[in-house]
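In UniProt numbering, the protein residues as written are 1 to 487.
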């Protein structure tokens, strides 16, 4: 523009014309600039929206992967700890009865060995102390390390010559495992959130515990003649030592919900006054019904599961066959049932599942009881006996997962400071119900015979099914109560 003015002879005219042209041009430039700005802003806005959507997609995907990975870590952690926790149960429930029966002991004496489970009944006494003092990591590492040392002591004993020493080591293992159970249950209550995680977590609990029981009671029983008693416990010692190292570095215990709180004066005082904690636990909604349920839901089934293998041992089935069919195959079906329970809980209501499964369990006990009158030493009847044990264990595993999920639902309604103690309280009563009846089942069979005893077991199972069916319709298991969010 300055070149055009310089060449003109009339600068004023040129300036006027130029101003006019420049004004028009300026308007056009401004208009184009505005259009360009609007276009640019639209493009930027669209680009920003695309980036935002991509960011949200990527963030959601990453969160999904991280959540899935975190859940997998939780399941591995819980499953492994419940696995080693089930080893003492497998040793005592499968290995010891067969060993004692082969040595000629009566069913009453074999049933009385269940007293070695007594620490599981007493754990409610020290649960408040464990819940309030120390951290979950220290309690778990300490108890698992103690189990490793106990196995080292057991390896030096011969069961034929030191039966009381073996009983003492099993009692010590049950004591340490019961303390470990309190700490692990407290960690599970803090780690698992929502119905989906509860179902998967309780599946890991039941499956891990039963897998440990199968490993100790079935697998080790099958190879004990080859490896020997001492080497069997040396193997268990290394298993416990490896798990202790794993727990010491487990990252899932770094979460705030499971770290534990320091034992201040108030918490320590409450730990020494457990009756106050018990009053709080009883006041939790749904606790009275759950107490009655966990005390009775396994009575008939537990008697049949404990006595039917010993009936087969007396009727042409060897100890090695029992270790395979009852210790491995039937327990494998139990694990499948527990796993299926976790999957079904993600799709169906727990009330509907419990109604149907308890009825099926009663029907299966009718089938098993009928075998007592017609069982003959033939391959067909042996197959029927194995089938009845497998079905019974499958349904029992499914019911166990549903039961522990119900217990955890109830516990999550309690105050956070007593949740681990509340869950341990329910778990203690669950063990007490099974333990008491298992200790008496052998005496019932010795006094009245297998047929009358199994009719009694069947009656108890039918009564439990009726109790659960009524509760799902009118009582503590109504759907709106189960779906209540924990406070």
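Cβ atoms here follow ideal geometry from the backbone N, Cα and C, with glycine treated the same way.
In the displayed model, residue 285 falls within coil according to three-state DSSP, outside both helix and strand. In the DSSP assignment, residue 242 falls within the alpha helix (DSSP H) that extends over 229 to 248. When the beta-carbon positions are compared, residue 90 and residue 220 come within less than 9 angstroms of each other. Taking one beta carbon from each stretch, the segment 442 to 450 and the segment 103 to 119 have 3 or more pairs nearer than 8 angstroms; the two touch. Non-local C-beta neighbours of residue 355 in its own chain, meaning closer than 8 angstroms and more than five positions away in sequence, comprise 468, 469, 472, ordered along the chain. When the beta-carbon positions are compared, residue 153 and residue 169 come within less than 9 angstroms of each other. In the DSSP annotation of this structure, the continuous segment of the alpha helix (DSSP H) that includes residue 364 starts and ends at 350 to 374. Distance from residue 304 to residue 365 at the Cβ level is roughly 6 angstroms; contact confirmed, criterion being Cβ atoms closer than 8 angstroms. Taking C-alpha positions only, residue 319 is separated from residue 146 by approximately 31 angstroms.
Contact between residue 284 and residue 413 holds: CB atoms are separated by about 5 angstroms, below the 8 angstroms threshold. DSSP places residue 174 in the uninterrupted alpha helix (DSSP H) bounded by 163 to 191. Take the alpha-carbon of residue 331 and the one of residue 394: they are about 8 angstroms apart. Exclusion of the five residues before and after residue 419 leaves 189, 411 as the residues of its chain whose Cβ lies within less than 6 angstroms of its Cβ. Within the segment 71 to 146, the complete alpha helix (DSSP H) segments at least 4 residues long are 96 to 102, 107 to 112, 118 to 132, listed from N- to C-terminus. Of the residues assessed, residue 409 falls on the buried side of the cut-off, its CB having 16 or more other CB atoms within 10 angstroms. Residue 357 is positioned such that its CB atom lies closer than 9 angstroms to that of residue 402. In this structure residue 296 touches residue 433 by the C-beta definition: roughly 6 angstroms separates them, less than 8 angstroms. DSSP, read as helix, strand or coil, puts residue 157 in coil. As the crow flies, the alpha-carbon of residue 383 is around 48 angstroms from that of residue 128. Leaving aside the five residues that flank residue 326 on each side, the residues in its chain whose CB is nearer than 7 angstroms to its CB run, in chain order, 309, 389.
Separation of residue 372 and residue 244 (C-alpha to C-alpha, rounded to the nearest whole angstrom) is 45 angstroms. Bounds of the alpha helix (DSSP H) holding residue 302 are 299 to 313. Assigned with DSSP and collapsed to three states, residue 413 falls in coil, not helix or strand. Following the DSSP letters along the chain, one finds residue 345 inside the alpha helix (DSSP H) bounded by residues 330 to 345. For residue 323, the enclosing alpha helix (DSSP H) stretches over residues 319 to 324. When 70, 81, 97 are compared, the shortest CA-CA separation from residue 314 is found for 97. Exposed is the label assigned to residue 227, since fewer than 16 other Cβ atoms lie within 10 Å of its Cβ.
Under the three-state reduction of DSSP, residue 388 is assigned to helix.
Relative to residue 302, the option among 73, 75, 460, 100 whose CA is nearest is 460. In the three-state reduction of the DSSP assignment, residue 383 falls in the helix class, which pools H, G and I. DSSP places residue 445 inside the alpha helix (DSSP H), whose first and last residues are 419 to 448. Close CB contacts of residue 311 within its chain, under the 6 angstroms cut and outside five residues either way in sequence, are with 450 (chain order).
Within the same chain, and ignoring the five residues on either side of residue 77 in sequence, the residues whose Cβ sits closer than 7 angstroms to its Cβ are 250, 252. Assignment of residue 393 by DSSP, reduced to helix, strand and coil, places it in the helix class.
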